[in-house]
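See structure below.
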Amino acid sequence: MNYKMNYKMNYKINYNTNSKKDNTNSKKGFVLSLDSVFALIISLSSLLFILSILQTYKSVDSLPLQRIGMDTLTILEEKNSFFNQEQVAEVFDQTNDQICLKIDVYRENIESENRIESIIKTGCEDQISNTEYKMWRTIYSNGDFYYAQISVWLNKGVEVKTEG
Numbered sequence: 000m001n002y003k004m005n006y007k008m009n010y011k012i013n014y015n016t017n018s019k020k021d022n023t024n025s026k027k028g029f030v031l032s033l034d035s036v037f038a039l040i041i042s043l044s045s046l047l048f049i050l051s052i053l054q055t056y057k058s059v060d061s062l063p064l065q066r067i068g069m070d071t072l073t074i075l076e077e078k079n080s081f082f083n084q085e086q087v088a089e090v091f092d093q094t095n096d097q098i099c100l101k102i103d104v105y106r107e108n109i110e111s112e113n114r115i116e117s118i119i120k121t122g123c124e125d126q127i128s129n130t131e132y133k134m135w136r137t138i139y140s141n142g143d144f145y146y147a148q149i150s151v152w153l154n155k156g157v158e159v160k161t162e163g
């Protein structure tokens, strides 16, 4: 009978001792897990910040193309030549050979069945690019409203000319 009682007491003592060790280890494990979660959050935030900076620098390259598109729309509007293919082609030809332009003029709303004019710069017919910038302008002509969309992209088939 003493034997059984000692066994139970030892078991209880060992059980309590083990639970204290487990409790301490689980607290250490929680702190280590929490520490690694913070490290992961900081790492991902840093990565996203760096990628956003790199993306900003890529978008700066598009700024000249967008300005060329807006300037072309302004010139065509001032000349009132959206509906004259020869005048549009003349304005397009004044741009660099590396710049491709396409203008679409729509009546009422921007849907393909409402397209009145579609003019593309000579030499750019086969040069459709994945990086194409589109700008819009509303036109008021002859008592009606029209929408002009200009697309601008780089012509990959033309080599860059350097001076020297």
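If you count the sequence shown from 1, position 32 lands on 31 in numbering that gives the first Met the number 0, and the numbers rise without skipping.
Quick reminder that beta carbons are idealized off the backbone N, C-alpha and C, glycines included.
- Glutamine 84 is a Cβ neighbour of isoleucine 118, given a cutoff of 8 Å.
- Setting aside the 5 residues that flank it on each side, leucine 64 is surrounded in the same chain by Ile98, Tyr132, Val151, Trp152 and Leu153, each with a C-beta closer than 8 Å to its C-beta; the list follows chain order.
- Beta-carbon to beta-carbon, glutamate 76 and isoleucine 138 are separated by about 6 Å, close enough to satisfy the 8 Å threshold.
- It is roughly 24 Å from the alpha-carbon of methionine 134 to the alpha-carbon of serine 51.
- Annotation: the continuous beta strand (DSSP E) that includes phenylalanine 144 extends over 143 to 153.
- Within the model, the alpha-carbon separation for leucine 72 versus asparagine 141 is close to 18 Å.
- Beta-carbon to beta-carbon, isoleucine 67 and valine 87 are separated by about 15 Å, too far to satisfy the 8 Å threshold.
- Within the model, the alpha-carbon separation for threonine 121 versus aspartate 92 is close to 8 Å.
- Residue Asp70 holds the alpha-carbon nearest to the alpha-carbon of arginine 136 among Asp70, Thr94 and Leu53.
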